[in-house]
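Remarks on the structure that follows.
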Amino acid sequence: MIPIDPMTALAGIQSAISMVKKASKVAQDLGSLAPMIGKLFDAKSTATKAMLQAKQSGKSSNMGTALQIEMALEQARAFEEELKLLFMQTGKIDVWQKIKARQAEMDLADAKEISALKKAEKAAKAKEAEMNELAMIIGGVAFVLFLVFVGVNELMTFCETTRRCGR
Numbered sequence: 002m003i004p005i006d007p008m009t010a011l012a013g014i015q016s017a018i019s020m021v022k023k024a025s026k027v028a029q030d031l032g033s034l035a036p037m038i039g040k041l042f043d044a045k046s047t048a049t050k051a052m053l054q055a056k057q058s059g060k061s062s063n064m065g066t067a068l069q070i071e072m073a074l075e076q077a078r079a080f081e082e083e084l085k086l087l088f089m090q091t092g093k094i095d096v097w098q099k100i101k102a103r104q105a106e107m108d109l110a111d112a113k114e115i116s117a118l119k120k121a122e123k124a125a126k127a128k129e130a131e132m133n134e135l136a137m138i139i140g141g142v143a144f145v146l147f148l149v150f151v152g153v154n155e156l157m158t159f160c161e162t163t164r165r166c167g168r
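Quick note on the working numbering: the sequence shown kicks off at 2 and runs consecutively.
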């Protein structure tokens, strides 16, 4: 996964919000704003991922990371409320409710997909551990058989040279 710069991602949210606000003042209907609104929520998603990557990298402080994540999400949440009001003012609250319902469905589908990926990853790790264990057992058995072979070979050699093996 390519690391995303958190500051660039946050600037992307701010830029998208600004662009949608400017466009909403001159737009004839909400449908014409859809591509820009989509870019805003894409920027929000990117910023959240960037902050989580920054957190996982361990290069930033917990407080700084938490502050940046929360500020970006709060800014996006506040804008989402403004957007909701815009839908209300234009008499399209039913469209807003459908959008939110679709978002909830998509979020649920994403959560299920992430869960399935984690489960598959866990199963793959378990299978790998099982294969490693099996390889160790096979290696151990092969080593013991090798030692037995060497021991029997040495015993046969001893018996041939001394001619005193159980006769």
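C-beta atoms are modelled at their ideal positions from N, C-alpha and C, and glycine is treated no differently.
Fair warning: this is a prediction, and the values are worked out from it, not measured in the lab.
In this structure, Thr47 sits away from Gly92, with a CB-CB distance that is not shorter than 8 Å. For Thr91, the secondary structure class from DSSP, reduced to helix, strand or coil, is coil. Note that the C-beta distance between Ala77 and Lys40 is not below 8 Å. Each of Phe80, Glu82, Lys45 was checked against the Cα of Gln69, and the nearest Cα belongs to Lys45. A direct Cα-to-Cα measurement between Val149 and Ala117 gives close to 48 Å. If you draw a 10 Å sphere on the C-beta of Ile139, you find fewer than 16 other C-beta atoms in it, and that means exposed. Within its own chain, the residues whose Cβ lies closer than 6 Å to the Cβ of Cys166, once the five positions on either side in sequence are excluded, are Cys160, listed in chain order. Around the C-beta of Leu84, 16 or more other C-beta atoms lie within 10 Å, and the residue is accordingly described as buried.
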